[in-house]
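Just so you know, we're using our numbering here: the sequence shown kicks off at 21 and counts up by one.
Just below is one structure, and these are the notes that go with it.
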Amino acid sequence: MSEYQTISQIMQAAVSPVFLLAGVGALLNVLSGRLGRIIDRLRFLQRYIDITEGEDKAVMLMNRKQSIFRMRLMYISIFFCTLAGLMVCMVVAALFIGGINQFSLDSFISILFVACMICLIVSFVLLSLEIFLATKTTRRNLIKTETIVSKYKYQGSSNE
């Protein structure tokens, strides 16, 4: 078999992991978008935490605490998703290295692939948990928070 045919076969074998890598990239895009929205919400809350008092301040601080927890979930989810992407890249590299040097890296590739799937599972579980918490806290606190914001809105805008 010619070297051209070998490289061609390796590239065909690498197509599936590359599609997986595209999916991981799409998931990273979703996760970073959610993280950005949480950070924007934290900045919004912080403006009102500085000017509220008493029970209103306690509500805003509780919202900030919940947002920080959600932000941590997204950080960890992004970490595991990125780790999965790195493992997919390592699978592709191992396919080429093993194919060109004509030695089997099947066990290594299998372990990497399973580890990649575990990382993606963890990432999706964390995303689901964050979505659950976002929905739960929004339902519970939205009216209360928006009432506080409307009460202090003009005080906050004069400080800007």
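Every residue gets a Cβ at the ideal spot worked out from N, C-alpha and C, and that includes glycine.
Taking the Cα of V50 as reference, the smallest distance to any Cα among M137, T26, I98 is reached at I98. Counted as a single uninterrupted DSSP element, the alpha helix (DSSP H) harbouring D76 occupies residues 74-121. Relative to D126, the option among V169, I27, V112, G74 whose CA is nearest is V112.
F116 and I138 have their C-alpha atoms some 23 Å from each other. Residue state for I71 is assigned as coil, using DSSP reduced to three classes. Here N83 is buried, its C-beta having at least 16 other C-beta atoms within 10 Å. For S127, the secondary structure class from DSSP, reduced to helix, strand or coil, is helix. Judged by pairs of C-beta atoms under 8 Å, the stretch 78-97 touches the stretch 148-168, as three or more such pairs exist.
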